[in-house]
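Engineer:
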Amino acid sequence: MEDKSTEKIRILYLDDEENNLQAFKATFRRDYKIFLAISAEEGREILSKEEIDIIITDQRMPEETGVEFLASIIPIHPEPIRILLTGYTDIQAVIDSINKGQVYHYLTKPWEEDYLRTVIKNAFEIYTLRKENIKLTQELIKSNDQLEFLLRQNLLS
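Written out as structure tokens, the structure reads:
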């Protein structure tokens, strides 16, 4: 098993254009573990089988928009950080992505490689901090329960 500090960031990239998927994979495969999906259905299938840290999705797709996809997976997969990518400037999509899809960042196509790397790095930091926060909160609840138990025992004796 790989050490968490050396494990690659796992990214799901969802786009209905095959050439965009292949360009993304060719650019980032050395640095990240890339999962590609050409449809929302394929994206859900990958999410059901793989632990994903970051989801990057195109907004305009034939079956459902990127925001609709992101909003639909929140109840089952709330952990991954969400990034919306689009070739169009659509203010309503931006608003919806923030309100419905819990999108961390909104990018326009064509993406600029260095900037996207920075966004991914920052998104992963947030992902890691959220996971650590959940872990620490669970530990705190457990400690509080143990202290409460000890206090009750002392009061009864």
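-10 is the number of the first residue of the sequence shown in the numbering used here; add one for each residue after it. Quick reminder that beta carbons are idealized off the backbone N, C-alpha and C, glycines included.
1) Give the list of continuous alpha helix (DSSP H) stretches no shorter than 4 residues that lie fully inside the stretch 94 to 119.
2) Could you give the residue range of the alpha helix (DSSP H) that holds T16?
3) Consult DSSP for R49 and reduce its assignment to one of helix, strand or coil.
4) Excluding the five sequence neighbours on either side, which residues of its own chain have a C-beta within less than 8 angstroms of the C-beta of F24, listed in chain order?
5) The alpha helix (DSSP H) with K(-3) in it runs from where to where?
6) Applying the 10 Å Cβ sphere with the 16-neighbour rule, what's the burial state of T75?
7) Pick helix, strand or coil for I43, following the three-state DSSP scheme.
8) At the level of alpha carbons, what is the spacing between T16 and S37?
9) Go ahead and label N143 buried or exposed: buried means 16 or more other beta carbons lie within 10 angstroms of its beta carbon, across all protein chains shown.
10) Work out the CA separation of P67 and K124 for me, nearest whole Å.
Structural biologist: Taking the coordinates as given:
1) none
2) Here residue 16 is taken as the residue at index 27 of the sequence shown, counted from 1. Note, T16: alpha helix (DSSP H), E7 to F17.
3) Here residue 49 refers to the residue found at position 60 of the sequence shown. Looking at R49 - three-state DSSP - the assignment turns out to be coil, as it is neither helix nor strand.
4) Here residue 24 is taken as the residue at index 35 of the sequence shown, counted from 1. Here the set comprises R(-1), I0, L1, Y2, I35, E39 and I41.
5) Numbered from 1 along the sequence shown, position 8 holds the residue referred to as residue -3. Unbroken run through K(-3): none, as it is neither H nor E.
6) Taking the first residue of the sequence shown as 1, we reach residue 75 at position 86. Buried: at least 16 other Cβ atoms inside 10 Å.
7) Within the sequence shown, the letter at position 54 stands for residue 43. In the structure shown, I43 sits in a strand (DSSP, three-state: E or B).
8) Position 27 of the sequence shown, counted from the first residue, corresponds to residue 16. Position 48 of the sequence shown, counted from the first residue, corresponds to residue 37. Taking the straight line from one Cα to the other gives about 25 angstroms.
9) Here residue 143 refers to the residue found at position 154 of the sequence shown. It counts as exposed.
10) Numbered from its first residue, the sequence shown carries residue 124 at position 135. Numbered from its first residue, the sequence shown carries residue 67 at position 78. Looking at the two C-alpha atoms, the distance is approximately 15 angstroms.
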